[in-house]
Amino acid sequence: MIAEVIVDVAAYPIDRPFDYAVPIDWEHVMEPGLRVKVPFGPRKVAGYVTGIKEESELDHNKIKPIAEIIDLEPVLSAELLALSKWMATETIAYEIDALQVMLPAAMRAKYEKIMTVIKPEELDDAFRSFLGNRQQVTLKALQDANLLNEVKKYNKLGIVEIDTAIQQKTKMKKVRMIHVPDAKQLETALEEAHPNAKKQQELLRWLLLHPTESIEASKILDESGVTATVLKSLVDKEIVEQSQVEVYRELESPKMQDSGKPEQLTDEQQVALSAIEQSSNKNIQETFLLHGITGSGKTEVYLQAIDHVLKQGKEAIVLVPEIALTPQMTARFKGRFGELVAVLHSGLSAGEKYDEWRRIHRGEVKVAIGARSAVFAPFSNLGLLILDEEHETTYKQEESPRYHARDVAIWRANYYQCPVILGSATPSLESYARASKGVYSLLTLSKRAKNQALPSVEVVDMREELKAGNRSMFSLALAEGIRERLVRKEQIVLLLNKRGFSSFVLCRDCGTVVECPNCDISLTYHRASESLKCHYCGHEERVPSECPECTSEHIRFFGTGTQKAQEELYKLVPEARVIRMDIDTTNTKGAHERLLYDFGEGKADILLGTQMIAKGLDFPRITLVGVLAADTSLHLADFRAAEKTFQLLTQVSGRAGRDQLPGEVVIQTYDPEHYAIELSKTQNYVPFYEMEMDRRRQLGYPPYYYVTVVQFSHEDVLKAADYAHKGTEFIAERLSQGSVIIGPTAAAISRLNNRYRYQSLIKYKHEPALIPVLQQLLKHYKTSWAKDGLVMSINREPTSIF
DNA sequence: AGCACGCCGACT
DNA sequence: GTCGGCGTGCTC
C-alpha cells in the first residue's frame, strides 16, 4: 500500500504529493486525512496523507516507508482535503499552507533537534560535565552553551547522534484522577493502617465520607488538606488507583446572558426566515444576501434559521468580523443554544482553540461561531453557513493562502447542498451586484425590529466652522450635543476615522515630513513613548528636536490621533468620563471586551475610538454618535475608498438610538458634497450602490471586472523595475483579448523594509488562462528570479490595491 | 525550506 | 595541511 503525502515544507518543487510505503501493520488504519511523520531527504518531517493507492509509478527502491502515524483518527475529512486542493489552486498557494490553515495552530508540527549520546566514554570532560547525567539534550541548549562545534565533531565520529523530534505544539490537557475500586477496601485499609500513619488515616476517613468512584486528585488534596505524598502512598499500596484523563480547558462563561427564547419576528424577518427554511428543506445550495439596515434584527433571523437546521440534525457555522465577536454577541448564541455552541475567538489560547476544535471534530457541538478561520470548522453534516457583516475586508486573508471566507463558505455549502446567508446593512458591491443579477437571492429588512426611528443625521462642513473661527476638533453642533447628553446622563460614541491618516511630524519651515529610513512611509507619532514609529516595519526613533533637513526648530507633530482627541475632549468637557479605544489601549488580551463591558455598565459617558468601535455595540443609552473626520478615508488611492467610507459611516450611525431613546448622528467633514457622505445621511444603501456601480463601470473596476495584483519587490530599485516589466510582459502576452493589464507601476508604498515595490493590475471578466499563466510565471520566478533576490506575490481579488 | 556535498581562502 | 565559507542540487 502506498500513501500520498503532502509534506510540511513550503517550497515550490515540494508542492505535490510524495509517495510513501505503508508498513503492513498500519494498512488497516491508514486513511487520507491522517498526519504522519516521514523521512524526507536526510531529515524527518510531518505531513498529511491526501490519498492512498496500491501501486506507485516510481522505482520501488526510491520509496521510503512512513515512519510514524501521528493521529488515531483523520484530522481532515475528505471534504476538507478536497477544499484545500481547490483553495491552493484558486489562490495560487502551496497545498501545505492550504492544509495547515484549516487546523488550529496548536496542531502544527514543532521541530526540535535533539542530540543523543551513543558513546559517553569518548566525550571530553567539559562536555560531560555540561551534560551531567542527561543522555539527550536539545541542540538549542548546546548552542546556548557554545558547544555546537564539539557536537558537530562528535556527530561525525559517531559518538553522538542528532535527529529531529517532531511534536505537536500544544497537547491535550490531562488531569490526574483517583479511582476507588472498592469502598470496603478503604475500611480495611483504615483498620490495618500503621498507627503512625496519621495522615493516611485522615485521608482514608475523608474518602469514606465522600464516597465516589473517581475524583480529581487535585480536588482531594484541596479539600482533605493532606499532601500529595500521602495520596501517593495510598496509590503505591494499591488502595486507590490513579489515571490520566483528557479534559477540555475551562472557558470563562460570558458575563451577559440572553433570555434564550426566540423573539417574535417582524413580517420582513418572517419572510426572510421562511425563504431560508424552504431552501434548507429542499437540500439545494442557495446563497442569500440578507440586506438589513442597522437594528433590523438580522441576528434573530440567523438564530431561528440555525434552530431550524439543528432540528434537522445538521450543523451551522456563523462567521463574524473579529471585532464584532464581543461577549454581547456570543452570549446571545450561548443563551439560545447553550452547550451546543463553540466560540472561536482570538482571545483564546492556542490550547483553548485546540479544545474547541476537538469538540467540533467529535460532534459535541453543533454551532461554531468565530472569525475568518472558523469557516473551516470540522463539521461533517453542515446545514447552514452565515457570514455576518459580509462586506468586511477581514474575511479576506491577506497572507498565503489568500482565501476569502465568503468563497470558502459557498464552496462548503455546495458540498453539503445547503444555504449560505450573507448579512449586512451595507453589502459589498460584489454581493449586491450578484443579488441583483439573481446569482444570490436578495432578502431585505428595511425596518428596525423594535420600530425605532432611524437616527437623525447632520453633516457639518468643517470649512465653515473654520471660517467662523472654530479651530477645535469639535464643531459647535457636536460640542453642544455632547454637553446635552452629559446632562441627560446618556452615552456618546465618538469615531475618529484614522484610516490612512495618523499623526506625523512635520517641519513648518521647509515642509519636511519625517519618514522611515527603510520604507517610504511617514513615521507615526506616539505620545506615550515620545517616539516615532513605522507601522509597517517596526522602526522606532526619538522625536527630533530640529528638522533633519533644514535644522529648523519649528518641527512638531501634526494630524489627529485618538490621544490628541482625548486631550481636546478634556478641554471641552473636563467632567466627562472617557474610554479611549485604539491600538494602544486594546493590545492586551481581553482589553477590548473589558472596555466595552465597562462602557455598557455605564462606567463612562463617552467612548472614543477608531473604526474598531463602529461594530457590534448595542447599548440602549447611546444617543449621540459623532464622526470627527469623515472624509479621511475618502482620500485613499484605492477604488474602494468611497465604499469603505459609506460603510463606516452607516455602521457607526447605526449605533445611535437602538432602544427607546432617539438617536442623533453628527458627521464632520471637509467634503460634505461627496456622494459617499451625502448619501450616508439617509443611510440609504441602494442609491449609493447605484451611484458607485456607475463609477466602477466607467473606471472598469470590480464588480465589473475581476482584479488580480502581481507584486514584485527587490532591494535594488532597477532590478525590481526590470523584473516587474518582464513579469508583466510575460502575463500580457498570454492573456486573452478581453483582459486588461495595467502597469507595472510603483506600489502606493513604493519602498517597504528596504525593498522597492512594483505592481501590475490584471483586470478581466472571464479569463480561463489566468491560473495557468500565473502558475507558469511562478515557475519562472521560483527557478531563476527568486535566486536573484526577487520576491513576487500574487493576490487575487485584493481588499485594497496598495 | 533545509540539509549534504563539494570546492576554494585564512588559520593552528 | 584543516576549518569553514556559501554555491548547487535533491528530497517519494
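Just so we're aligned, residue 1 is where the first sequence starts under UniProt numbering, counting upward by one.
Glycine included, every Cβ here is placed at the ideal spot set by N, Cα and C.
Note that the structure is a prediction, hence the values are computed from the model and not measured.
Sheet register partners of residue i (DSSP bridge)
{"i": "Arg751", "result": "Tyr756"}
{"i": "His526", "result": "Ser531"}
{"i": "Glu458", "result": "Val666"}
{"i": "His404", "result": "Lys396"}
{"i": "Lys113", "result": "Thr164"}
{"i": "Glu246", "result": "Lys174"}
Collapsed DSSP secondary structure at residue i in the structure displayed
{"i": "Tyr20", "result": "strand"}
{"i": "Thr783", "result": "helix"}
{"i": "His345", "result": "coil"}
{"i": "Asp788", "result": "helix"}
{"i": "Leu648", "result": "helix"}
{"i": "Pro65", "result": "strand"}
{"i": "Ala614", "result": "coil"}
{"i": "Ile14", "result": "helix"}
{"i": "Tyr354", "result": "helix"}
{"i": "Gly500", "result": "Because the pLDDT at Gly500 is just 41, under 50, the model does not fix this residue reliably, and the value given afterwards should be weighed accordingly. Of the three classes helix, strand and coil, the one that applies to Gly500 here is coil, per DSSP."}
{"i": "Gly600", "result": "helix"}
{"i": "Glu213", "result": "coil"}
{"i": "Glu4", "result": "strand"}
{"i": "Phe288", "result": "strand"}
{"i": "Phe127", "result": "helix"}
{"i": "Ile317", "result": "strand"}
{"i": "Tyr764", "result": "strand"}
Unbroken beta strand (DSSP E) run spanning residue i, endpoints
{"i": "Pro39", "result": "35 to 40"}
{"i": "Arg43", "result": "43 to 53"}
{"i": "Asn795", "result": "791 to 796"}
{"i": "Leu385", "result": "382 to 388"}
{"i": "residue 804", "result": "Since the first and last residues shown for the chain are 1 and 802, residue 804 lies out of range."}
Residue range of the alpha helix (DSSP H) that includes residue i
{"i": "His308", "result": "298 to 311"}
{"i": "Arg697", "result": "685 to 699"}
{"i": "Arg205", "result": "198 to 209"}
{"i": "Ser280", "result": "267 to 282"}
{"i": "Tyr570", "result": "562 to 572"}
{"i": "Gln100", "result": "95 to 100"}
{"i": "His725", "result": "717 to 734"}
{"i": "Thr330", "result": "327 to 337"}
{"i": "Asp71", "result": "That residue, Asp71, is in no alpha helix (DSSP H); it is neither H nor E in DSSP."}
Contacting residues, own chain, Cβ-Cβ under 8 Å from residue i (five flanking each side not counted)
{"i": "Ala656", "result": "Pro455, Val493, Ile622, Thr623, Leu624, Val625, Gly663, Glu664, Val665"}
{"i": "Leu221", "result": "Thr227, Ala228, Leu231"}
{"i": "Ile741", "result": "Thr728, Ile731, Ala732, Leu735, Ser760, Leu761, Ile762, Lys763"}
{"i": "Val309", "result": "Ser280, Glu315, Ala316, Gly383, Leu384, Cys418"}
{"i": "Ala193", "result": "Gln200, Gln201, Leu204"}
{"i": "Ala724", "result": "Phe712, Gly743, Pro744, Tyr758, Gln759, Ser760"}
Contacting residues, own chain, Cβ-Cβ under 6 Å from residue i (five flanking each side not counted)
{"i": "Cys507", "result": "Cys547, Ser552, Ile555"}
{"i": "Thr444", "result": "His291"}
{"i": "Lys314", "result": "Asn381, Gly383"}
{"i": "Ala217", "result": "Arg176, Ile178"}
{"i": "Thr669", "result": "Ala630, Asp631, Ile677"}
{"i": "Phe379", "result": "Glu315"}
{"i": "Lys261", "result": "none"}
{"i": "Glu512", "result": "At residue 512 the sequence reads Thr, which differs from the Glu that was named. So the qualifying residues of the chain are Cys547, Glu549."}
Own chain residues within Cβ distance below 7 Å of residue i, not counting five before or after
{"i": "Ser84", "result": "Glu95, Ala98, Leu99, Met102"}
{"i": "Arg43", "result": "Thr164"}
{"i": "Leu442", "result": "Leu289, His291, Ala435"}
I want to know whether the segment 635 to 649 touches the segment 589 to 608 - three or more CB-CB distances under 8 Å. Judged by pairs of C-beta atoms under 8 Å, the segment 635 to 649 does not touch the segment 589 to 608, as fewer than three such pairs exist.
Next on the checklist: Could you check whether the segment 426 to 446 touches the segment 320 to 337, counting it as contact only if at least three pairs of C-beta atoms, one from each stretch, sit closer than 8 Å?
Outcome noted: no
- Query: Would you call the segment 28 to 41 and the segment 62 to 80 in contact, with 3 or more CB pairs under 8 Å?
  - Reply: yes
Item checked: Segment contact, 8 Å Cβ cut-off, at least three pairs: the segment 209 to 217 with the segment 137 to 145 -> no
Fill in: Stretch pair the segment 479 to 493 + the segment 598 to 610: three plus CB contacts closer than 8 Å
yes
Would you check if the segment 691 to 702 and the segment 778 to 785 touch, i.e. whether three or more CB-CB distances between them fall below 8 Å? no
Within the chosen definition, does the segment 705 to 718 reach the segment 791 to 801 through at least 3 CB pairs nearer than 8 Å?
yes
Q | Touch test, the segment 403 to 420 against the segment 267 to 274, Cβ-Cβ under 8 Å, three pairs minimum | A | no
contact_flag[the segment 158 to 167, the segment 104 to 112] where n(CB pairs < 8 Å) is 3 or more:
Enough Cβ pairs lie closer than 8 Å, so yes.
Is the number of C-beta pairs between the segment 394 to 411 and the segment 297 to 308 that are closer than 8 Å three or more?
no
| message | With three or more beta-carbon pairs closer than 8 Å as the criterion, would you say the segment 342 to 351 touches the segment 390 to 401? | response | no
At least three beta-carbon pairs within less than 8 Å, the segment 121 to 136 to the segment 153 to 163: Taking a cut-off of 8 Å for Cβ pairs, the segment 121 to 136 and the segment 153 to 163 touch, as three or more such pairs fall below it.
contact_flag[the segment 608 to 615, the segment 646 to 654] where n(CB pairs < 8 Å) is 3 or more:
Short answer: they touch.
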